[in-house]
Amino acid sequence: MRNMRTVTVVRYILPLREGGSLPALADADDDFKYVLKFRGAGHGVKMLISELLGGKIAEALQLPIPEIVFVNLDADFGRTEADEEIQDLLKFSEGLNLGLHYLSGAIAYDPSVKIDPLLASKIVWLDAFITNIDRTFKNTNLLMWHKELWVIDNGASFYFHHSWQNFDTAAKTPFKYIKDHVLLPQASMLNEADLFAHNILNDQVFRDIVNMIPLEWLQWNDAEESPDEIREIYFNFMKTRLLNSPIFLNEAKNARL
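Residue 174 in the working numbering sits at position 168 of the sequence shown, with consecutive numbering throughout.
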């Protein structure tokens, strides 16, 4: 996995009005463009945590995914923005946000395009593991860039944290939404993907990933746990889910029948 870098926004280019999270294209002080995900949008920091954890697991599994960075947004950045909705979004997103390296010229994945069955199986396995409900024919959240398939947008994963209860049960629950996965018809090597994942993922990988979650993203008003305890719940969720991967693996296999 790549180490996390931190950049600062220097120019807000335009909103990317996709879904309810209002991501944006922005220039940063490292001279690169990023798709910026805001803490002030939608599900707030929980969405950013999902994006971070899901993206870093994808990286660990050697899937093509744009570099993920922490993004600083200064307090006065949105004051010149004319759109009141965007101005409010920027105001409530002061501090640390998340960005994905912008893949200039990339196009949305066409589900009719055949891809390597092992790659398809690894992505299906990833999304069943992180409980990502948003990689469907309607919204693939996959891009073709330089003739390669790239994984983007993992913010709709780990949805157990929105109710923030029954963590152990959630980790052992089949992922029924896998039946809607855009790559499921091509995922004919799920056993091989599961073996591959078990050879890579382990407690240390999960510990390293949860330790990347910034402290300021763990100050929740709707949870009694401390930031360290919240990290531990995410760690235990991933550890338990990996140990019980046959539960969601069989769900995916059955959905292919």
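Ideal Cβ placement from N, Cα and C applies to all residues, glycine included.
Quick caveat, the model's predicted, so the values are computed rather than measured.
Leaving out the 5 sequence neighbours to the left and right, which residues in its chain are closer than 6 Å to F254 when beta-carbon positions are compared?
If you number the sequence shown from 1, residue 254 lands on position 248. Contacts found: A134, P180 and F181.
Whole angstroms are fine: how far does the CA of L190 sit from the CA of K183?
Here residue 183 refers to the residue found at position 177 when the sequence shown is read from its first residue. Here residue 190 refers to the residue found at position 184 when the sequence shown is read from its first residue. A small fix is needed here, since residue 183 is Tyr in this sequence, not Lys. Distance between the alpha carbons of Y183 and L190 is about 11 Å.
Identity of the residue in K144, W170, H167 and D122 nearest E154 by Cα:
Locating residue 154 in the sequence shown gives position 148, counting from the first residue. Looking at the Cα atoms, D122 is the closest of the given residues.
Give me the residue from L54, L106 and M150 with the minimum Cα distance to L224.
Against the sequence shown, residue 224 aligns to sequence position 218. That would be L54, whose Cα lies nearest to the Cα of L224.
Residue from H204, F212 and T12 with nearest C-alpha to N250
Mapped onto the sequence shown, residue 250 falls at position 244. The shortest C-alpha separation from N250 is found at H204.
Nonlocal neighbours in the same chain, by C-beta distance under 8 Å from M218, ignoring five residues either side:
On the sequence shown, position 212 is the one that residue 218 refers to. Answer for M218: M10, L58 and K62, listed in chain order.
Any chain C beta carbon closer than 8 Å to I19
Any reference to chain C falls outside this structure, which holds one protein chain only.
Given this structure, state the Cα-to-Cα distance separating Q210 from N242, to the nearest angstrom.
As a position in the sequence shown, residue 210 is number 204, starting the count at 1. As a position in the sequence shown, residue 242 is number 236, starting the count at 1. For Q210 and N242, the distance between alpha carbons rounds to 12 Å.
Are there 16 or more other CB atoms within 10 angstroms of the CB of R8, so buried, or fewer, so exposed?
Locating residue 8 in the sequence shown gives position 2, where the first residue counts as 1. R8 should be labelled exposed.
Helix, strand or coil at L104 [DSSP, three-state]:
As a first step, residue 104 is located in the sequence shown; it is residue number 98 there, counting from the start. Reduced to three states, the DSSP call for L104 is strand.
Counting only runs that start and end within the region 224-263, where is the beta strand (DSSP E) found for 3 or more residues in a row?
none
Y183 in three-state terms, based on DSSP
As a first step, residue 183 is located in the sequence shown; it is residue number 177 there, counting from the start. Y183 falls in the helix class under three-state DSSP.
Output the distance between the C-alpha atoms of I71 and E90, rounded to the nearest integer angstrom.
If you number the sequence shown from 1, residue 71 lands on position 65. If you number the sequence shown from 1, residue 90 lands on position 84. Cα to Cα, I71 sits roughly 32 Å from E90.
Should the region 29-45 be regarded as contacting the region 73-82, the criterion being three or more beta carbon pairs within less than 8 Å?
yes
Write down the C-beta distance between L95 and G46 rounded to the nearest angstrom, noting that I regard them as a contact closer than 8 Å.
Taking the sequence shown and counting its residues from 1, one reaches residue 95 at position 89. Taking the sequence shown and counting its residues from 1, one reaches residue 46 at position 40. About 5 Å separates the two Cβ atoms, so the contact holds.
Contacting residues, own chain, Cβ-Cβ under 7 Å from I206 (five flanking each side not counted):
On the sequence shown, position 200 is the one that residue 206 refers to. Result list for I206: A66 and L67, in chain order.
If you count every other CB in all the chains shown that lies within 10 Å of the CB of T5, and 16 or more means buried, which is it?
The question about residue 5 has no answer here: the residues shown for the chain are numbered 7 through 263.
Given that a residue counts as buried once 16 or more other Cβ atoms are within 10 Å of its Cβ, and exposed if not, what is Q171?
As a working note, residue 171 is residue 165 in the sequence shown. With fewer than 16 other Cβ atoms within 10 Å, it is exposed.
Just checking, does the region 142-157 make contact with the region 99-116 on the three C-beta pairs under 8 Å criterion?
yes
Option nearest S56 by Cα separation, candidates P21, L22, V16 and A162
Taking the sequence shown and counting its residues from 1, one reaches residue 56 at position 50. Ranking P21, L22, V16 and A162 by Cα distance to S56 puts A162 first.
Cut-off 6 Å between Cβ atoms - residues of its own chain near T142, not counting five sequence neighbours on either side
Numbered from its first residue, the sequence shown carries residue 142 at position 136. Same-chain partners within the cutoff: D186 and V188.
So, L124 versus E230, is the Cβ gap smaller than 8 Å?
Walking along the sequence shown from the start, residue 124 turns up at place 118. Walking along the sequence shown from the start, residue 230 turns up at place 224. No, these two residues do not count as a Cβ contact at 8 Å.
Measure the alpha-carbon distance for I129 versus F164 and round it to whole angstroms.
To locate residue 129, count along the sequence shown from 1; it is residue 123. To locate residue 164, count along the sequence shown from 1; it is residue 158. Computed Cα separation, rounded: 15 Å.
The alpha helix (DSSP H) spanning A64 covers which residue range?
As a working note, residue 64 is residue 58 in the sequence shown. Here the alpha helix (DSSP H) through A64 covers V51 to A66.
Here's a check: name, in chain order, each residue in its chain whose Cβ is nearer than 6 Å to the Cβ of V75, leaving out the five neighbours to either side.
Numbered from 1 along the sequence shown, position 69 holds the residue referred to as residue 75. R11, V13 and G105.
I19 versus G101 - alpha carbon distance
Looking up residue 19 in the sequence shown gives position 13. Looking up residue 101 in the sequence shown gives position 95. Going by the C-alpha atoms only, they are around 19 Å apart.
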